[in-house]
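FYI, the numbering for the sequence shown is 143 to 391, going by my numbering.
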Amino acid sequence: MQAEYADSGIHDLSCPHCAGRFTIYLRKHKFEMLFDLGTRALMDGYAREAVASFAGSLERFFEFYTRAATLERAAGTGEDFTAAAARLDTAWKLLSAQSERQLGAFALAYLWREGEAADFLSPQALGSDFRNRVIHRGYLPQRTEVDAYAARVFALIDRLLTQLGEAAAHAQLEQELTYAAHLAAQPGEVIAVFEEHPGMFRVRRFGGQVAAKTGQTKNLPSGPANDAAAFQAALRERGELLGKVFGRG
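Shown next as structure tokens:
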């Protein structure tokens, strides 16, 4: 049985043959899902659609980073996680309709977590002109252009995930609590299924050894993130699996 992806990651389904009821909880964050959708579109030859998904993935990752860093900071002060998450939701609603405000929130979160300005947020480093030409001006990109843009987005997200380290678990816990609340409200006959699909970011870190803030040496890429080799390596490793996840290939 196939089903459309739900924005919430929660899929309430009914079997047409056995009348059974199921809820599938997808343990994957939106930035991961969007990047995988973009990768699949690229593999299928839909270059313009791939750009839109990659751009959306980067925006949602900036939200993911901001939420993880904010919740990590709250945990460090001993604040109750649920209360901190609720306040974060209230604050994020003020930003949710404007991508510029969200980018500003990320820039500040990065500054007070890493102790340095996010100099990689320039329009040139992010490929903003290319993105805007495709999404807002109807430009039909060549495959090589989309490959380069995808590599740029992939490398930047991968680098920032590396820097987040264990702090990413705070955003994961937020998702798990949402799923737990939904599950608790379900009737007893509903079968719960938790899935964690392989994807482009469920692989080893490319471009250097990863070290959390434990005194180990970090080897992170510097300057504009645009590691085409890393993206192509991940694509070769996960391309076939993505095809199976999306029911193609």
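Backbone N, C-alpha and C fix where the C-beta goes; we use that ideal spot for every residue, glycine too. Just so you know, these numbers come straight off a predicted model, no measurement behind them.
Terminal residues of the beta strand (DSSP E) in which residue i lies
i          : result
serine 150 : It is not in any beta strand (DSSP E) - serine 150 carries neither H nor E in the DSSP assignment.
valine 335 : 333–337
Reference residue i; option with closest CA among the options
i                 : options                        : result
alanine 292       : Arg163, Ala192, Asp186         : Ala192
phenylalanine 343 : Thr304, Leu253, His324         : Thr304
glutamate 308     : Leu213, Glu146, Ala194, Phe173 : Leu213
alanine 247       : Ile333, Asp222, Ala211         : Ala211
proline 340       : Arg380, Gly198, Arg202         : Arg380
threonine 181     : Phe196, Leu263, Gln240, Val332 : Phe196
glutamate 318     : His171, Phe272, Phe296, Gly269 : His171
Alpha carbon of residue i to alpha carbon of residue j, nearest angstrom
i              : j             : result
arginine 114   : tyrosine 147  : Any answer about residue 114 is impossible in this case: the structure gives the chain only from 143 up to 391.
glycine 365    : glutamate 331 : Residue confidence for glycine 365 is low, a pLDDT of 39 falling below 50, so the modelled location carries little weight and cannot support an answer.
alanine 225    : glutamine 240 : 25 Å
threonine 208  : arginine 243  : 12 Å
arginine 202   : leucine 245   : 10 Å
isoleucine 152 : leucine 168   : 7 Å
glutamate 221  : alanine 313   : 15 Å
arginine 294   : alanine 376   : 13 Å
glutamate 174  : leucine 325   : 23 Å
The alpha helix (DSSP H) enclosing residue i, as first and last residue numbers
i                 : result
arginine 182      : 172–185
arginine 209      : 189–218
phenylalanine 248 : 241–256
phenylalanine 223 : 223–235
- Item | Whole alpha helix (DSSP H) elements within the region 276–306, 4-residue minimum | 285–306
- Message: Tell me whether the region 231–245 and the region 271–282 touch, counting them as touching only if at least three CB pairs, one residue from each stretch, are closer than 8 Å.
- Response: no
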